[in-house]
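The next block holds one structure in the form of structure tokens; read it before the comments.
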Amino acid sequence: MATVTQPLIVNLLVDQSLSQRTFIFASVIASVFVFVQALRAFFFPRGCIDENGNHIPPGPVGLPILGSFPFLTHYPELTLDYWAKRFGPLYSLWLGNQLFVIVSDPQIVKDLMVVNGSIFSSRKEMFLKSQIIFAGRGITATPYNDRWRKHRRLATASLNARAVDDYTHVLDYEATVLIKDLLEHGKNGTLPINPQPHAGRCSLNNMLTVTFGTRTDSIEHPLVTKALRLSREFMNCTGPVSNMTDFVTFLQYMPNYTITRGKQLHKDLVQTYGGMINDIESRMKRGEKVPECLVTNLLNVQEEEGLDHLDMAILCSAFMIGGVETTASIMQWFSALIPAYPEIQKKAQDELDRVVGRNRLPNVEDEKNLPYIHAIIKEVERCHNPFWLGTPHVNTQDFTYRGQFIPKDTVLVLNTYTMHHDPHRHPEPFRFNPDRFIDDSTLSSESATLANPMERDHWMFGVGRRICPGMWVAEREIFLVIARLLWAFRMEQTPGEPIDLKEYDGLSGRSPVPFRIKMIPRDDKIAEVLAKC
Ligand code: HEM
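Sequence positions in the sequence shown follow full-length UniProt numbering and run 1 to 533.
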């Protein structure tokens, strides 16, 4: 029993169980923190001068403690776009105690993230994404250090242009399987169909083959549901501005649902993908022949590279997360958009019939001769980037750019929404118009290296030293699927079911809300050609 001389807090702590005591203690600390922050915000409102008197880029003032967080919870890209118009192409905002700089102009992006790539290529070790879910491993969330360099080198070995050439037959096969699936599930065009899960399985199978040398044989395979659920959960937990726990330190010490979800996701990823690694390792030890894949490569160099099991499980998870929802999302956006544009379909199909004919499926060698298909893909990617805010970079040194001070450890967001809708670069930016890319024969991976950043097609794959290493496989996969969909089907809206082009309000990855379309085989040749594949 506590004595009357003890302060109230001690009385409370003595009478409670350990977890209650932890909670009360955390609440008291939190209240003190909130009070101090409120005082600080009152006396030193956040503006365009930091606490040391440096001129940081201008931006919204935000609320005490939370900063601009309450304005960024739904479709944050729209708010960031609105502020870009108000504060200019380089502006700042605060989320909790973290300074963000939002970059919305291609030249500034190049000056900072490419020319000064040695400074602007790190990542913030976000509490939820980096520390809880990825446990400080992997490639996506790792700061710019030797661990990242090693993981990037290992990932690139499976994803660079030459590696992709070696497994293009896999991408080709999965694109054909997708067409067959859609034909079968849509009962030869007589039933409306939602192509989204089929596109999801196609992307999943590609990444399963690249990573684990395996695939699923139907949409009902349990791994399809599981893997797609894990990627979706990751997207929902980890958008760049999506959860306050990352930026308000005291929340990290309080029991909350976000942390529970993050821990569960970490466990699920390690169980699922770590379990698949164990399985491959056992098979290799038994002397079984295992198809060459990321995991066999990692196991072969495990000792020499000093990789532990968690390193490998998280690197594989990064492949399964980064490489599935993303490419699937572009295929899904294409399928949601195209039924509304019969004239674009017709023009694309005329091009395909002229270049490929009706006796075979289009393949990767045809791409250079199909400028209109190429332009459609770029335009889908411009209009519906799955990651409007990309994965933010962090600078490892103080930097002054055009008189604006960007302190070390600032989080830099590539504002692709504003850049993709810049009317000077893309006139009538809200119109779906593939013709705007008709003279652009570059692959997006090539366009990313153009000297003039104003000429870059789009910013979907990010920029600089952290640019997406999966862009070669992604581009090839997307081309094969979209070219074949156009070659095989006339895609129409289902009568009475208008397609809602609203983006799914995921916190990070964006895909269309569910829809159904009719995928009508263009002629009898399709079944004949598919039967031979
Ligand atoms: C349409 C498809 C894809 C899109 C839109 C996309 C987008 C992105 C973006 C925006 C980044 C951050 C770049 C930056 O920091 O500037 C990124 C990084 C990454 N992507 Fe992709 N990606 C796609 C496909 C893939 C595929 C197929 C893989 C295959 C494994 C992949 C693996 C990765 C990895 C490992 C990183 C982290 C790179 C690093 O931090 O060094 N992505 N991706």
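Using N, Cα and C, we set each Cβ at its ideal position, and we do this for glycine too.
As the structure is a prediction and not an experimental result, all values here were calculated from the model.
Which residue wins for smallest C-alpha separation from residue i, given the options the options?
{"i": "S445", "options": "F430, V463 and N433", "result": "V463"}
{"i": "A474", "options": "T391, P429 and E325", "result": "E325"}
{"i": "P392", "options": "H421, P407, L412 and F405", "result": "L412"}
{"i": "L128", "options": "W148, V164 and T238", "result": "T238"}
{"i": "E125", "options": "L112, I482 and T140", "result": "T140"}
{"i": "P58", "options": "F437, W94 and Y75", "result": "W94"}
{"i": "T410", "options": "L485, L99, F479 and F71", "result": "L99"}
{"i": "T225", "options": "F69, C202 and K347", "result": "C202"}
{"i": "F387", "options": "E367, K408 and W459", "result": "W459"}
{"i": "residue 549", "options": "D350, I467, C383 and T258", "result": "Residue 549 falls outside the range modelled here, since the chain spans only 1 to 533, and no answer is possible."}
{"i": "I56", "options": "L72, H74, S92 and G62", "result": "S92"}
{"i": "N243", "options": "I330, L310, N452 and G67", "result": "G67"}
{"i": "E367", "options": "V380, N359, H185 and A348", "result": "A348"}
Would you mind stating whether residue i and residue j have Cβ atoms separated by less than 8 Å?
{"i": "L230", "j": "T176", "result": "no"}
{"i": "S511", "j": "Q332", "result": "yes"}
{"i": "I344", "j": "P434", "result": "yes"}
{"i": "residue 595", "j": "N395", "result": "Look at the range of the chain in this structure, 1 to 533, and you will see that residue 595 is not part of it."}
{"i": "M454", "j": "F489", "result": "no"}
{"i": "L204", "j": "G470", "result": "no"}
{"i": "Y144", "j": "S130", "result": "no"}
{"i": "G138", "j": "R465", "result": "no"}
{"i": "L414", "j": "V103", "result": "yes"}
{"i": "L315", "j": "A155", "result": "yes"}
{"i": "I119", "j": "Q404", "result": "no"}
{"i": "L178", "j": "H198", "result": "yes"}
{"i": "I132", "j": "R516", "result": "no"}
{"i": "V101", "j": "Y167", "result": "no"}
{"i": "R476", "j": "V164", "result": "yes"}
Going by DSSP, what residue range makes up the beta strand (DSSP E) through residue i?
{"i": "residue 536", "result": "Only positions 1 to 533 of the chain appear in this structure, which leaves residue 536 out of reach."}
{"i": "W94", "result": "L90 to L95"}
{"i": "T400", "result": "F399 to Y401"}
{"i": "Q107", "result": "No beta strand (DSSP E) contains Q107, which is instead part of the alpha helix (DSSP H) from P106 to V109."}
{"i": "Q404", "result": "Q404 to I406"}
According to DSSP, is residue i helix, strand or coil?
{"i": "E381", "result": "helix"}
{"i": "W148", "result": "helix"}
{"i": "M491", "result": "strand"}
{"i": "I376", "result": "helix"}
{"i": "T168", "result": "helix"}
{"i": "V248", "result": "coil"}
{"i": "I330", "result": "helix"}
{"i": "M519", "result": "strand"}
{"i": "I65", "result": "coil"}
{"i": "F71", "result": "helix"}
{"i": "L228", "result": "helix"}
{"i": "A336", "result": "helix"}
{"i": "H458", "result": "coil"}
{"i": "E497", "result": "strand"}
{"i": "I49", "result": "strand"}
{"i": "P512", "result": "strand"}
{"i": "I259", "result": "helix"}
{"i": "V177", "result": "helix"}
{"i": "V463", "result": "coil"}
{"i": "I526", "result": "helix"}
{"i": "S441", "result": "coil"}
{"i": "H55", "result": "strand"}
{"i": "S158", "result": "helix"}
{"i": "H185", "result": "helix"}
List the endpoints of the continuous alpha helix (DSSP H) containing residue i.
{"i": "F479", "result": "M471 to A488"}
{"i": "I132", "result": "Careful: I132 lies outside any alpha helix (DSSP H) and carries neither H nor E."}
{"i": "L412", "result": "Looking at the DSSP string, L412 is not in any alpha helix (DSSP H); the run it does join, the beta strand (DSSP E), is V411 to L414."}
{"i": "N278", "result": "G275 to K285"}
{"i": "L112", "result": "No alpha helix (DSSP H) holds L112; DSSP gives it neither H nor E."}
{"i": "V314", "result": "Contrary to the premise, residue 314 reads as Ile rather than Val in this sequence. Start and end: H309 to G322."}
{"i": "D350", "result": "P342 to V355"}
{"i": "D81", "result": "P76 to F87"}
{"i": "A448", "result": "Taken as a continuous stretch (DSSP letters only), A448 belongs to no alpha helix (DSSP H), as it is neither H nor E."}
{"i": "G200", "result": "Q196 to F212"}
{"i": "Q302", "result": "L294 to E305"}
In or out: residue i buried (at least 16 other Cβ within 10 Å) or exposed?
{"i": "E428", "result": "exposed"}
{"i": "A84", "result": "buried"}
{"i": "L361", "result": "buried"}
{"i": "residue 536", "result": "The displayed coordinates of the chain run from 1 to 533. Any statement about residue 536 would go beyond what the structure contains."}
{"i": "P514", "result": "exposed"}
{"i": "F247", "result": "buried"}
{"i": "S335", "result": "buried"}
{"i": "F430", "result": "exposed"}
{"i": "T260", "result": "exposed"}
For chain C, check one thing: does any of its Cβ atoms lie closer than 8 Å to the Cβ of residue i?
{"i": "S122", "result": "This model lacks chain C altogether, as it is built from one protein chain only."}
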